[in-house]
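Novice: Quick one: this structure, given as structure tokens, is what I'll be asking you about.
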Amino acid sequence: DASDIEKGTYPHFMLKEIDEQPFVIRNIIQKYQDENDNIMLEEGIRNAIKEADRLYIIACGTSYHAGLVGKQFLETFAKIPVEVHVASEFSYNMPLLTEKPLFIFISQSGETADSRAVLVQVKELGYPAITLTNAPGSTLSREADYTLLLHAGPEIAVASTKAYTAQIAVLAILAVDSARAKGLHIPFDLTKELGIVANAMEVLCDSKEEMENIAKEFLATTRNCFFIGRGIDYYVCLEGALKLKEISYIQAEGFAGGELKHGTIALIEQGTPVIALATQEHVNLSIRGNVKEVVARGANPCVISLKGLEMEGDRFVLPSVLEAFSPLVSVIPLQLISYYAALHRDCDVDKPRNLAKSVTVE
Ligand code: G6P
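Residue numbers (UniProt numbering): 241 to 602.
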């Protein structure tokens with residue numbers, strides 16, 4: 241059928257979509273920047289951000305995880321306070337809002353009912369909204385005041401991969417633009433750094449054999465798996481755990497490295513796989529301390545570190561990128577490890593049980 245043709249030589253859409261990520265990042269740079277490296281954004285979006293006293297990011301699933309990373313960018317680069325909420329919770333338990341809130345909906349499909357329910361409420365209250373989506377003309381795009389497109393191309397696999405990295409890249413651009421609009425200094429060259437990210441992604445996509453080996457070694461028969469990280473790595477761990485749950489049905493949880501000892505460490509047994517991310521210099525030693533804690537209780541550690549922060553015994557070292565942009569690269573091994581874990585456990589990678597690509601019921 242038509243979808244087989246689109247898959248080309250790939251066995252699964254998920255693998256194809258993972259491989260498309262370097263291209264998607266380069267495409268986003270082209271779509272959002274002119275030849276002089278000026279960011280191209282609708283004036284209305286700039287004004288809406290300028291006028292807001294707080295941004296509320298609303299999303300579900302993987303898009304929520306991208307929102308957490310986006311919060312980090314918007315707060316550190318542009319100094320704008322941001323809250324990130326799961327749509328279904330926000331809708332039924334709306335927090336106290338600031339005076340001039342601006343809503344940013346993140347939705348790959350632009351059709352998620354939980355997110356739309358919030359958008360409807362927000363519009364009734366008269367607040368402005370931007371939708372960040374891969375689907376031009378989608379419901380969330382039409383009903384918001386402004387749309388930011390992901391330009392990632394159709395994502396077919398139920399487990400989201402390239403939409404996540406596209407969301408993060410567009411949020412980075414939005415944050416840098418908002419910083420510039422406020423006259424804040426950005427200590428890096430955005431185009432150059434995203435270009436370095438795209439090249440690093442390519443290296444990672446060429447490391448499939450290594451990722452398959454990790455999946456076989458750590459996840460072939462395990463019942464559960466933990467992902468630990470601190471700061472921005474923690475957010476990527478949440479996404480890594482979701483990917484693994486979605487397609488391999490291994491019970492997986494992402495934890496903040498420091499929080500593990502407050503309960504969850506009780507679950508660590510002899511051989512429990514613990515995948516740890518170490519991409520942030522300021523928490524490198526503390527996350528390694530957490531790895532030691534789980535190893536002392538029998539865990540089988542798989543540390544993935546950023547070049548420059550690697551230590552003896554790390555299982556994989558990511559090519560060097562700007563630390564702030566590490567989620568764009570650290571997620572790729574996690575996507576590939578999940579893919580191979582699912583494959584070797586004979587799961588239906590592209591169409592996992594119980595899940596739908598876009599959930600149009602609340
Ligand atoms: C579904 C999908 C997830 C996705 C979530 C949000 O549950 O299975 O992969 O992250 O919806 O989808 P959206 O299209 O709003 O980003």
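Even for Gly, the Cβ is constructed at its ideal location relative to N, Cα and C.
Assign T371 to one of two classes, buried (16 or more other C-beta atoms within 10 Å of its C-beta) or exposed (fewer than that).
Specialist: Reading the sequence shown from its first residue, position 131 is the one you call residue 371. Buried.
Novice: Out of curiosity, what's the CA-to-CA distance linking L500 and L411?
Specialist: By 1-based counting over the sequence shown, the position of residue 500 is 260. By 1-based counting over the sequence shown, the position of residue 411 is 171. Going by the C-alpha atoms only, they are around 29 Å apart.
Novice: Please determine whether the Cβ atom of L595 lies at a distance below 7 Å from any heavy atom of the ligand G6P.
Specialist: On the sequence shown, position 355 is the one that residue 595 refers to. L595 Cβ: within cutoff of the ligand G6P.
Novice: Taking the CB atoms as reference points, tell me whether L389 and P368 lie closer together than 8 Å.
Specialist: Along the sequence shown, read from residue 1 onward, the residue named residue 389 stands at position 149. Along the sequence shown, read from residue 1 onward, the residue named residue 368 stands at position 128. Not a contact, by the Cβ cut-off of 8 Å.
Novice: When DSSP labels each residue in this structure, what does V523 get in the three-state scheme?
Specialist: What you label residue 523 is simply residue 283 of the sequence shown in a count that begins at 1. It is helical.
Novice: If the criterion is Cβ atoms closer than 8 Å, does the pair I436 and V561 meet it?
Specialist: Walking along the sequence shown from the start, residue 436 turns up at place 196. Walking along the sequence shown from the start, residue 561 turns up at place 321. Their beta carbons are under 8 Å apart, which means I436 touches V561 by this criterion.
Novice: Quick one: using the 10 Å Cβ neighbour count with 16 as the cut-off for buried, is P573 buried or exposed?
Specialist: Taking the first residue of the sequence shown as 1, we reach residue 573 at position 333. Buried, because 16 or more other Cβ atoms sit within 10 Å of the Cβ of P573.
Novice: Quick one: which unbroken beta strand (DSSP E) runs of 3-plus residues sit fully inside the UniProt domain "SIS" (285-424)? Chain order, please.
Specialist: The qualifying runs are 294-299, 322-326, 341-347, 369-373, 386-389.
Novice: Taking one C-beta from the segment 437-451 and one from the segment 486-496 each time, how about it: are there three or more such pairs within less than 8 Å?
Specialist: Because the criterion of three Cβ pairs below 8 Å is not met, the segment 437-451 and the segment 486-496 do not touch.
Novice: May I ask you to verify whether the segment 284-299 touches the segment 413-429, counting CB pairs closer than 8 Å and requiring at least 3?
Specialist: Touching, yes, given that three or more Cβ pairs across the two stretches are closer than 8 Å.
Novice: Only counting runs of 4 or more residues, tell me where the alpha helix (DSSP H) segments fall wholly within the segment 416-489, in order along the chain.
Specialist: Listed in chain order, the complete alpha helix (DSSP H) runs (minimum 4 residues) inside the segment 416-489 are 430-445, 448-459, 472-488.
Novice: Buried or exposed: where does L308 fall if 16 or more other Cβ atoms within 10 Å of its Cβ makes it buried?
Specialist: The count along the sequence shown starts at 1 and reaches residue 308 at position 68. The residue in question, L308, is buried, as its Cβ has 16 or more Cβ neighbours within 10 Å.
Novice: Below 8 Å, how does it come out for the segment 449-463 and the segment 579-588: are there three or more Cβ pairs, yes or no?
Specialist: Yes, they touch.
Novice: Going by C-alpha to C-alpha distance, which of F556, A539, P541, N540 sits closest to K547?
Specialist: The sequence position of residue 547 within the sequence shown is 307, counting from 1. The option with the nearest alpha carbon to K547 is F556.
Novice: With a threshold of 16 other CB atoms inside 10 Å of the CB of N278, please say whether the residue is buried or exposed.
Specialist: Working through the sequence shown from its first residue, we reach residue 278 at position 38. Classification of N278: exposed, given that the 10 Å Cβ count is below 16.
Novice: Between A399 and the ligand G6P, is the CB less than 7 Å from at least one heavy atom?
Specialist: Numbered from 1 along the sequence shown, position 159 holds the residue referred to as residue 399. Yes - the ligand G6P has a heavy atom lying nearer than 7 Å to the Cβ of A399.
Novice: Which value, in whole angstroms, describes the spacing of the CA atoms of D241 and R593?
Specialist: Position 1 of the sequence shown, counted from the first residue, corresponds to residue 241. Position 353 of the sequence shown, counted from the first residue, corresponds to residue 593. Confidence at D241 is low in this model, with a pLDDT of 45, below 50, so its placement is unreliable and no value can be given for it.
Novice: Under 8 Å, do L482 and H305 count as touching if we go by C-beta distance?
Specialist: Position 242 of the sequence shown holds residue 482. Position 65 of the sequence shown holds residue 305. Going by C-beta atoms, L482 is nearer than 8 Å to H305.
Novice: Tell me whether K290, by its Cβ, gets closer than 7 Å to a heavy atom of the ligand GDP.
Specialist: Ligands present in the displayed structure are limited to the ligand G6P, and the ligand GDP is not among them.
Novice: What's the call for T401, buried or exposed, on a 16-neighbour Cβ count within 10 Å?
Specialist: Locating residue 401 in the sequence shown gives position 161, where the first residue counts as 1. So T401 counts as buried.
Novice: Considering only heavy atoms of the ligand G6P, does any lie closer than 7 Å to the CB of V476?
Specialist: Counted from its first residue, the sequence shown places residue 476 at position 236. Not so, every heavy atom of the ligand G6P lies at least 7 Å from the Cβ.
Novice: For the alpha helix (DSSP H) containing L255, list its first residue and its last residue.
Specialist: Reading the sequence shown from its first residue, position 15 is the one you call residue 255. Counting along the chain, the alpha helix (DSSP H) containing L255 begins and ends at 253-259.
Novice: Could you compute how far the alpha carbon of D274 sits from the alpha carbon of F343?
Specialist: The sequence position of residue 274 within the sequence shown is 34, counting from 1. The sequence position of residue 343 within the sequence shown is 103, counting from 1. Answer to the nearest angstrom: the Cα atoms are 27 Å apart.
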